[in-house]
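>
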Amino acid sequence: MEILVLFLLLGLAAVVLFVMALMGVARARHLEPVAKAIWVVVIVIAPLLGPIAWFIAGAHPPRLYES
């Protein structure tokens with residue numbers, strides 16, 4: 038019974054991560070529409086790794102450093 042609860046919690050966490058990533062892509066002002074579409078495809082095709090990649094690589098706008 039405990040393993041079932043664990044799997045349910047992990048599944049719920051994966052769904053929340055998936056939805057948050059899609060919402061983050063939709064709200065990202067620093068991305069062009071084509072880049073947003075590519076991120077959505079990545080997130081949908083790889084429902085666990087796609088959101089993780091979004092939060093690591095795509096969620097933050099690139100920083101421009103002045104010298």
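First residue of the sequence shown? That's 38 in my numbering, and the numbers climb one at a time after it.
For every residue, glycine included, the Cβ atom is placed at its ideal position computed from N, Cα and C.
1. What is the DSSP secondary structure of Arg66, counted as helix, strand or coil?
2. Can you tell me which of Leu43, Leu45, His97 puts its alpha carbon nearest to the alpha carbon of His67?
3. I'd like to check one pair, Ala58 with Pro88: are the Cβ atoms closer than 9 Å?
4. Measuring only the C-alpha atoms, how far is Ala51 from Ile75?
This is what the structure holds:
1. Residue 66 sits at position 29 when you count from the first residue of the sequence shown. Note: Arg66 maps to coil in three-state DSSP.
2. Mapped onto the sequence shown, residue 67 falls at position 30. The shortest Cα separation from His67 among Leu43, Leu45, His97 belongs to His97.
3. The residue given as residue 88 occupies position 51 in the sequence shown. The residue given as residue 58 occupies position 21 in the sequence shown. Cβ atoms of Pro88 and Ala58: closer than 9 Å.
4. Position 14 of the sequence shown holds residue 51. Position 38 of the sequence shown holds residue 75. Cα to Cα, Ala51 sits roughly 20 Å from Ile75.
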